[in-house]
Each structure stands twice: as structure tokens, then as C-alpha cells.
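Single-structure report; data block below.
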Amino acid sequence: MNKLHKWKYLISILAALGLLVGILFMTPVFGGAQSAPCPEDGEFILYAGQTHNAGTGTVEFDGDSLNFSIDPNCGIGCIKVGVWDDNGNLPSNPAPGTDLTLGEYNCEDSVLLTEQFSFELPFTLGDWDWPIVIAIHANTVGCVTVYQPDTAWACACDTSPQTNCPDFPGANWAYYFWYDGSGPD
């Protein structure tokens, strides 16, 4: 085999590998934001500025409400929650607090919560099936920088949120997670 044939053979192999890698990595883009269900159902982490752990939390369903408990690592202000029946119905590009219509907590008082707190929002499953998709947005202070306010979103992943947390399509970063109705043990 002469040098030209060796190069053509090598280029063909590299092109085939490149095509395979391209197909593997482009598939999620065409299918929308996908992820496996939460590894620990009902547990989440609030990430401020996309990567800073602003606190941990849980959600449980009692038949009439979704009950949330959050243990903050910094000051947590207004919290807004949205729920959808599956990721096909997610809003395309929510701004912080936009399209999160299930309810809100601590949005009128402008108080920064720094110790563990709980709240509940009325919720019925209706015609939906489990799992549901939950988006939690919180205003924070002191998570990323000491004095500057920031935004935080909940995710069920505990490592590398920028690559492991499912997010909404579009320009705004915003995480969400799946919940199957049982809650943490």
C-alpha cells in the first residue's frame, strides 16, 4: 500500500468516527432537553449562577399539596415554582420567575431566608401521570458574590450542574427536575 492509499484509508476512518461522534452528541439537541429521572426522587439542589450550591431541598406530595423544604447556604428570597406533566409541555425559554405558575413563596416580604424553611403549594395531579417536571427559581444573595443578587434554579444532580442538569431550550439558563410523587426516604 503506498502512502497516498494509507492517507486515504486513515482519513476515511477518521471521517467515520467523526460522523459517529456527531450523531451521538447531536441526538439530544434534536430530541429536546432530556435526562433520566431524578436519582433521589424528591431531593434537589439550588444552583445560583449555574454552578454555586445555594442550598439543598426536598419535595413531597401529600395528595393535596407539594410540600417543599429548603436548607439554604446563603440568603434565599422570592421563590417561584412551576409544574408540567412532561418535558414536551415545558415553556421554551422562561425568564426567572416567568411561566412558573404553580405558586410562589416569600415574594412579598423581601426577606432573605438563611435557615431551613418549609412551604406548601396546592397541587392535584388531575389527568397527568407521574413523573412530573418541577422548576424552582429563587432569588439569592451571598451565594456567588457577597453583595450582588443572583438567580438560582433547582436540579436533582449533585455534580457538574452545567452538564448534568436538564435545562429549558433557549437562551436563558434554567434547570428543572423530574419527580415521581413519592419523595425522599
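Take any residue in the sequence shown, count from 1 to its spot, add 186: that is its number in my numbering.
Here a beta-carbon is modelled for each residue, glycine too, at the ideal position from N, C-alpha and C.
Please state whether DSSP places ASN259 in a helix, a strand or coil. The sequence position of residue 259 within the sequence shown is 73, counting from 1. Here ASN259 sits in coil by DSSP.
Only counting the same chain, and skipping five residues up and downstream in sequence, which positions put a Cβ closer than 8 Å to that of LEU299? Taking the first residue of the sequence shown as 1, we reach residue 299 at position 113. Cβ neighbours of LEU299 beyond the five flanking positions: ILE256, PRO258, GLY261, ILE262, GLY263 and ASN292.
PRO280 and PHE230: beta carbons closer than 7 Å? For the purposes of this step, residue 280 is taken as residue 94 along the sequence shown, with counting starting at 1. For the purposes of this step, residue 230 is taken as residue 44 along the sequence shown, with counting starting at 1. No, the Cβ-Cβ distance between PRO280 and PHE230 is not below 7 Å.
PHE305 - containing beta strand (DSSP E), residue span: For the purposes of this step, residue 305 is taken as the residue at position 119 of the sequence shown. That run of the beta strand (DSSP E) goes 303–308.
If you follow the beta strand (DSSP E) that TRP339 is in, where does it begin and where does it stop? Numbered from its first residue, the sequence shown carries residue 339 at position 153. Residues 335–341.
Does GLU301 come within less than 7 Å of chain C when only Cβ atoms are used? Absent here is chain C; the protein component of the structure consists of one chain.
Alpha carbon to alpha carbon, what distance is there between GLY268 and GLY289? In the sequence shown, the residue the question calls residue 289 occupies position 103. In the sequence shown, the residue the question calls residue 268 occupies position 82. Taking the straight line from one Cα to the other gives about 7 Å.
In its own chain, which residues sit with a C-beta less than 6 Å from the C-beta of PRO308, not counting the 5 before and 5 after it? Position 122 of the sequence shown holds residue 308. Within the same chain, PRO308 has close Cβ partners SER251.
For GLU246, which beta-bridge partners are listed by DSSP? Stepping through the sequence shown from its first residue, residue 246 is reached at position 60. DSSP, once it has assigned bridges, lists ASN253 as partnering GLU246.
Below 8 Å on the Cβ atoms is my contact criterion, and I expect ALA340 with THR326 to pass it. Report the Cβ-Cβ distance as a whole number of Å. Here residue 340 refers to the residue found at position 154 when the sequence shown is read from its first residue. Here residue 326 refers to the residue found at position 140 when the sequence shown is read from its first residue. No, ALA340 and THR326 are not in contact; Cβ-Cβ is about 12 Å, not under 8 Å.
My output table needs one value for ASN358: the three-state DSSP class, helix, strand or coil. If you number the sequence shown from 1, residue 358 lands on position 172. Three-state DSSP puts ASN358 in coil, outside helix and strand.
Identify whether ASN275 lies in helix, strand or coil by the three-state DSSP scheme. Here residue 275 corresponds to residue number 89 of the sequence shown, with the count starting at 1. In this structure, DSSP gives ASN275 a helical state, which the three-state scheme calls helix.
Along the chain, where does the beta strand (DSSP E) containing GLY289 start, and where does it finish? Mapped onto the sequence shown, residue 289 falls at position 103. Per DSSP, GLY289 belongs to the beta strand (DSSP E) from 289–291.
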